[in-house]
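Visitor: Residue 1 is where the sequence shown starts when you use full-length UniProt numbering, and the numbers rise one by one after that.
For each residue, glycine too, the CB sits at the ideal point set by N, CA and C.
Source: prediction; values computed, not measured.
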Amino acid sequence: MDAYLKKGEAEFQELQQSCREKSPLLYQKLKADQAYNMCLKN
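Put into structure tokens, the structure is as follows:
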């Protein structure tokens, strides 16, 4: 089970990196929105 989760995490990290490289502006906006939403929760 742990190996399955680690594999999924590695795949997610690869997709996330690919998104950053292909669409840096979109990724920046998503991160800004995520930070904004975290501020609203606190």
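Would you kindly work out how many angstroms separate the C-alpha atoms of residue 35 and residue 9, rounded to a whole number?
Guide: Going by C-alpha positions, residue 35 is about 22 Å away from residue 9.
Visitor: Please report the distance separating the alpha-carbon of residue 38 from that of residue 20.
Guide: 21 Å
Visitor: What's the gap between the Cα of residue 3 and the Cα of residue 11?
Guide: One C-alpha to the other measures close to 12 Å.
Visitor: So with Cβ pairs under 9 Å, would you call residue 23 a contact of chain C?
Guide: Here there is only one protein chain, and chain C is not present.
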